[in-house]
Each structure stands twice: as C-alpha cells, then as structure tokens.
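First comes the structure, then the notes that go with it.
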Amino acid sequence: MLTCSEVLCKINRNKNSHECFTELKCGENANGLSIVVQGFPGPRGSPGVTGLSGPMGPRGLMGPTGRDGFTERPTSFCAELQYFDLTKITDNVLRPWILSDSFNVPTVSNDFSENTGIFTIPKNGFYQFFATISISRTKASFDIRKNDNRMCTIWTESVIRSHNETTASGWSNAFIDCLLYCQVNDRISVVISYYLNENFDSKTLAYLYSTFSGYLLFNI
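What the sequence shown shows, in the numbering used here, is residues 1260 to 1479, in sequence order.
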C-alpha cells in the first residue's frame, strides 16, 4: 500500500494540444506517478480585429470576344401579286399575294395575309406604303386604303382608243406610295376599281410584276 504524503497540482498548457498535467508526489519518489488528464475545449474566443487589405493582385487575362450585336428589324412586309383577273371583281382588294422569304422576316404572316391582301397594323406609328401595278391591254385605277377609306389613288392604262375602239395596246405600270399614321388593328390594302363606263375592257388577265409593301418609320 502506497501512502502519498504530498500532492502537487500543476497545470501545463500546451498551445497545440491544450492538455492539463497533474503531478502526484509521494515523498521524494515521484517516478511513474505522473498522470495526464485532457480537459474539454474551452469556449470560442471573440474574433480578432480585421486586418488591413492586401495589395491589388495582377490584372487577369482578357476574356474572349463577345458575339456581334443585332438590331431589331422594324415591322415591314413585301408581297408579290400571285394572279389577278380584273374582269371578275368590282372595287375589291387585290389578292392573293406571295410573301417571299428573301424579303420578309419569318413572322410577317402574323400581320399580312396572303389570302386577303390585308396588312393589319401591329404597332401605332407612321408607316410608308408602296404599290406597283403592271397591266397589259387595259386601263386600271387603284388606290391604297386604310379601313376601307381611300388614302391615295392613281390611274394607268395600256391601250389607245379611237372612236370607242381599241386601236393599240401594250404594257404599262404605275407606282404609288403614301405616308400614313396608323393605329393598332387598322387595315391597309390595295384596291383596283373596275368602271364599265371608262372602257375597262381587259379580256385576259394582265397583272404581272405587281408588288405591295410597307414598313414602320416611327413607332409612337
């Protein structure tokens, strides 16, 4: 039986392990009596003062070149007359038309109908419209209309008459354009008039190289 005559408690703090050492001495002989007790971690200390900002690092490498930008194409359309028989209609809209992919954006059919020949205004603003009509062996009067109201009219003929008889005929074309302020859902079309008392005497279809186009100048 070992009797200890002296107990010394000594705490040594190791910065790396945070261990506590307790030494027991029994007389002068303390060999083999030291024991190590590891305590629980203490509470986290409060954060220190933020250090000074370091120097700016070197400039990074230049990034790759971006894509080319693009400009939104304004509202527009360009149609070619497919066929038309002047002798079969009276004050009617020119139709049907063909919308070529070479001159139009893919969504043009949302605004212009090939079957009805009517362009429906998608945005308020000023629009420029153009119409070119080519005829053979006849007379023609045509106009650009907005909501069935005449905006501008032109006359063309490709016959020569004498004593109420046609003495010569050939080809003729006419061009017309107009600037219109339009609002959403206004309807724009080209109308050909047929007047018996003016000797519109076309016996064969003669509308070739005829176009109808327009575009938005200013959106308001």
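Heads up, the beta-carbon is just placed ideally off N, CA and C, and yes, glycines get one too.
**Message:** Suppose you measure from the CA of Pro1365 to the CA of Ile1447; what does that come to, to the nearest Å?
**Reply:** Within the sequence shown, the letter at position 106 stands for residue 1365. Within the sequence shown, the letter at position 188 stands for residue 1447. Using only the alpha carbons, I get a separation of about 20 Å.
**Item:** As assigned by DSSP and simplified to three states, the class of Val1367
**Value:** Looking up residue 1367 in the sequence shown gives position 108. Looking at Val1367 - three-state DSSP - the assignment turns out to be helix.
**Residue nearest to Leu1353 in terms of C-alpha spacing, selected from Phe1371, Asn1363, Arg1326** = Taking the first residue of the sequence shown as position 1, residue 1353 is located at position 94. Of the listed residues, the one whose Cα sits closest to Leu1353 is Phe1371.
**Message:** Could you tell me the alpha carbon to alpha carbon distance between Thr1375 and Ser1335, rounded to whole angstroms?
**Reply:** Indexing the sequence shown from 1 puts residue 1375 at position 116. Indexing the sequence shown from 1 puts residue 1335 at position 76. The straight-line gap from Cα to Cα measures roughly 17 Å.
**Asked** Around the C-beta of Asp1407, are 16 or more other C-beta atoms found within 10 angstroms, so that it is buried, or is it exposed?
**Response** Position 148 of the sequence shown, counted from the start, is the residue given in the question as residue 1407. Answer is exposed; the Cβ neighbour count stays below 16.
**Request:** Go ahead and label Phe1378 buried or exposed: buried means 16 or more other beta carbons lie within 10 angstroms of its beta carbon, across all protein chains shown.
**Result:** The sequence position of residue 1378 within the sequence shown is 119, counting from 1. Buried, because 16 or more other Cβ atoms sit within 10 Å of the Cβ of Phe1378.
**Prompt:** First and last residue of the beta strand (DSSP E) that includes Thr1415?
**Reply:** Looking up residue 1415 in the sequence shown gives position 156. That run of the beta strand (DSSP E) goes 1408-1416.
**Prompt:** In or out: Leu1475 buried (at least 16 other Cβ within 10 Å) or exposed?
**Reply:** The residue given as residue 1475 occupies position 216 in the sequence shown. Result: buried.
**Asked** Should Phe1401 and Val1450 be called a contact, given that it needs their Cβ atoms to be closer than 8 Å?
**Response** Residue numbering aside, residue 1401 sits at position 142 when the sequence shown is read from its first letter. Residue numbering aside, residue 1450 sits at position 191 when the sequence shown is read from its first letter. Contact flag set, yes.
**Prompt:** Would you call Thr1397 buried or exposed, if buried means 16 or more other Cβ atoms sit within 10 Å of its Cβ?
**Reply:** To locate residue 1397, count along the sequence shown from 1; it is residue 138. Answer is buried; the Cβ neighbour count reaches 16.
**Asked** Taking Cβ to Cβ, would you say Asn1383 is nearer than 8 Å to Ile1479?
**Response** Residue 1383 sits at position 124 when you count from the first residue of the sequence shown. Residue 1479 sits at position 220 when you count from the first residue of the sequence shown. Yes, they are a contact pair.
**Request:** Just mark Tyr1440 as buried or exposed, buried being the case when its beta carbon has 16 or more other beta carbons within 10 Å.
**Result:** For the purposes of this step, residue 1440 is taken as residue 181 along the sequence shown, with counting starting at 1. Tyr1440 should be labelled exposed.
**Asked** Based on the DSSP secondary-structure assignment, which residues constitute the bridge partners of Tyr1468?
**Response** What you label residue 1468 is simply residue 209 of the sequence shown in a count that begins at 1. Tyr1468 pairs with nothing; no bridge assigned.
**Request:** Within the same chain, show all residues whose beta-carbon is closer than 8 Å to that of Thr1470, passing over the 5 residues directly before and after it, in chain order.
**Result:** The residue labelled residue 1470 in the question sits at position 211 within the sequence shown. Cβ neighbours of Thr1470 beyond the five flanking positions: Cys1337, Ala1338, Glu1339, Leu1340, Phe1389, Ala1390, Thr1391.
**Where Tyr1474 falls: helix, strand or coil (DSSP)** = Counted from its first residue, the sequence shown places residue 1474 at position 215. Strand, per DSSP.
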